[in-house]
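According to this note's numbering, the sequence shown is numbered sequentially starting from 23.
Ideal Cβ placement from N, Cα and C applies to all residues, glycine included.
Quantities reported herein were computed from a predicted structural model and do not represent experimental measurements.
Scroll down for the structure; my scribbles are underneath it.
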Amino acid sequence: LVNTKSKEFDYPKGDSNVYASYQGKGGVLIHSFMRRLLYAVEFRDPQILFTNYLRPESRIMYKRGIHRRVKAIAPFLAYDRDPYLVLSGGRLYWFLDAYTTSDMYPYSTRSYGPFNKELLNYIRNSIKVVVDAYNGDVHFYLIDETDPLAAAYRNIFPGLLEPFEKMPEDLKKHVRYPKDLFNIQAAAYTKYHMEEAQVFYNQEDLWQLPDEMYGDSRQRMDPYYIIIKLPEGEKDEFLLMLPFTPSKKDNMIGWLAARSDLPNYGNLIVYKLPKEKLIYGPMQIEARIDQQTEISRELSLWDQKGSSVIRGNLLAIPVCDSFIYVEPIYLEAKQGDRSGTQAGDATSRGLGKTREKQDSASPSREKTRTSALPELKRVIAAFGNRVAMEENLDKALMSVLGGGSPVKERTVPAAKEVLHTSSLGVQALEHYNNAKVYLRQGNWTGYGEELDKMEKVLEKLGDKGDPK
């Protein structure tokens with residue numbers, strides 16, 4: 023209930039509290055006795071009928087959860103598990119991807135969908151849902167006019183699905199490719215990248231989705247959003263990407279990218295890596311981290327009684343002809359003897375990203391996790407044969423790009439070459455820091471120019487002896 027005679031708490035300020043009054047048009051007016059009676063019966067709450075705090079402008083707000091709200095309007099659609107909040111024009115909006123699905127598409131393999139765990143063999147992300155976070159207004163925008171199921175729903179429910187062109191231009195900038203659909207497509211491509219019939223029949227070139235270490239357990243790697251310039255691109259793009267590894271092997275064999283920026287939204291690009299060249303995959307990098315004596319010793323010291331080390335999501339970032347790997351390390355305090363806790367807090371799932379992973383703790387464990395907030399303690403970076411753990415990302419990149427200690431013993435180069443390599447690392451870090459400043463300012467031109475400069479410096483660094 024809003025706009026009542028009772029003050030609505032907003033936020034604490036010093037020793038007092040700040041109160042506010044709802045000024046939006048969300049909810050339903052309950053100015054009449056009949057409406058109060060109906061809602062008292064609906065919610066089984068007689069206070070709605072007899073309270074003295076209601077005024078003529080009071081409103082009742084219900085079905086405020088994003089999924090519950092959209093399912094009440096269009097229950098025939100499947101919805102993504104990860105709604106995301108955006109800021110546009112001084113207002114907050116929730117974005118949610120909606121899918122048309124079926125399990126009756128001819129000659130198609132069925133697989134379990136990520137939404138309701140039911141079998142399906144047809145899925146299209148044809149609809150983008152936008153919910154006003156203040157008023158609760160819901161808009162369904164049809165982004166794929168060629169979807170026959172969406173076209174049928176549009177004819178059955180006129181006015182429900184709006185053309186994508188009607189979405190405000192500023193909101194269009196926040197459209198992104200959904201992870202749930204991307205996971206389904208990536209899993210299918212592990213088989214269907216084989217184009218020769220004999221190779222496909224014998225499953226000779228089967229791929230798999232990579233694993234990573236998360237917390238203290240091995241789990242399937244999640245796709246992640248990143249801003250980079252594609253090899254054939256002219257500017258930086260917002261992408262969703264995921265590496266591939268060969269079946270039963272850990273080296274990287276390729277990676278899949280989904281483009282989110284208009285007008286290329288929805289385009290999928292696969293980059294296949296040369297088979298004759300060893301390129302470390304996520305689990306191989308995880309193993310190199312474990313083999314690094316100093317890192318392993320420090321993590322073991324932290325992971326004692328009273329604290330728990332959380333290894334966050336490993337990110338593989340394409341740079342030039344190689345990859346930079348970044349993994350955050352978090353430290354979580356325990357309350358009492360809770361050695362059975364399992365890492366999985368949403369705040370510890372990557373750098374600058376919100377991840378939608380479920381806690382992988384075994385249900386047989388009797389001890390539960392604490393409510394302690396994990397603290398970012400270190401950042402691990404790996405590039406070529408170099409692995410470094412530092413207090414923050416800048417220092418970690420400086421260590422691996424500026425001549426830090428490698429994992430394997432290597433021939434010591436001449437002093438001038440060491441100084442030149444270190445200088446190149448400093449230059450790359452400077453361009454990276456400048457790019458971050460431009461990113462905070464919203465200067466995308468300057469941001470892209472600094473990333474281009476950093477890429478050129480890294481190419482020079484690679485020519486100085488770092489394996490790609």
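Check, Outcome
"Alpha helix (DSSP H) runs wholly inside the segment 179–249, at least 4 long, in chain order", "191–194, 201–214, 219–224"
"Sub-8 Å separation of Leu423 and Leu451 beta-carbons", "yes"
"Pair within 8 Å by beta-carbon distance, Ile178 and Phe162", "no"
"Same chain, Cβ closer than 7 Å to Glu254, five either side skipped, listed in chain order", "none"
"At least three beta-carbon pairs within less than 8 Å, the segment 100–117 to the segment 169–176", "no"
"Unbroken stretches of the beta strand (DSSP E), 3 residues or longer, contained in the segment 24–84", "30–35, 38–42"
"Rounded separation between Tyr223 and Ser130 - CA only", "16 Å"
"Delimiting residues of the beta strand (DSSP E) encompassing Asp154", "144–154"
"Assigned secondary structure, Leu295 (DSSP; H/G/I helix, E/B strand, else coil)", "coil"
"Validate contact between the segment 76–94 and the segment 153–160 using beta carbons, cut 8 Å, 3 pairs", "yes"
"Given Leu141 as reference, the closest of Val348, Ile206, Ile317 once Cα atoms are compared", "Ile206"
"Identified DSSP bridge partners for Trp277", "Pro265, Tyr293"
"Spatial distance of Leu290 from Trp277 (CA atoms)", "11 Å"
"Cβ distance (whole Å) where Pro232 is taken to contact Pro265 below 8 Å", "5 Å"
"Opposing strand residues paired with Arg113 [DSSP bridges]", "Ser110"
"Rounded separation between Tyr33 and Ser43 - CA only", "12 Å"
"Coarse secondary structure for Tyr165, derived from DSSP in three states", "Note that residue 165 corresponds to Ile in the displayed sequence, not to Tyr. Coil."
"N- and C-terminal bounds of the alpha helix (DSSP H) containing Met420", "415–423"
"Beta-bridge pairing of Phe405 - partner residues as DSSP gives them", "Ile346, Arg408"
"Distance, Tyr454 Cα to Met476 Cα", "7 Å"
"Ala338 versus Tyr106, Met263, Leu182, residue with shortest Cα-Cα distance", "Met263"
"Member of Gly158, Tyr75, Thr122 whose CA lies at the smallest distance from the CA of Asn143", "Thr122"
"Distance, Lys478 Cα to Asp119 Cα", "37 Å"
"Paired residues, beta bridge with Glu397 - DSSP", "Leu353"
"Cβ-based neighbour list, Ala418, same chain, cut-off 6 Å, excluding 5 preceding and 5 following", "Val401, Ala403, Ala410, Glu412"
"Cutoff 6 Å; reference Ala62; Cβ partners in own chain excluding five residues on either side", "Pro68, Ile70, Leu71"
"Under 8 Å between C-beta atoms of Tyr347 and Lys399", "no"
"Own chain, CB closer than 8 Å to Asn286, minus 5 neighbours either side, in chain order", "Glu259"
"Reduced DSSP category for Leu99 - H, G, I as helix; E, B as strand; rest coil", "coil"
"Test item: CB-CB of Leu261 and Met274 under 8 Å", "no"
"Nearest-angstrom Cα separation, counted from Asp227 out to Glu234", "22 Å"
"CB of Lys27 within 8 Å of CB of Tyr41, strictly", "no"
"Which listed residue (Lys356, Arg198, Phe405) has its alpha carbon closest to that of Pro245", "Arg198"
"Contact with chain D by Met274, beta-carbon distance below 8 Å", "No chain D appears in this structure, which consists of one protein chain only."
"Whole-angstrom distance between Leu193 and Phe186, CA atom to CA atom", "11 Å"
"DSSP-derived helix/strand/coil call for Arg310", "helix"
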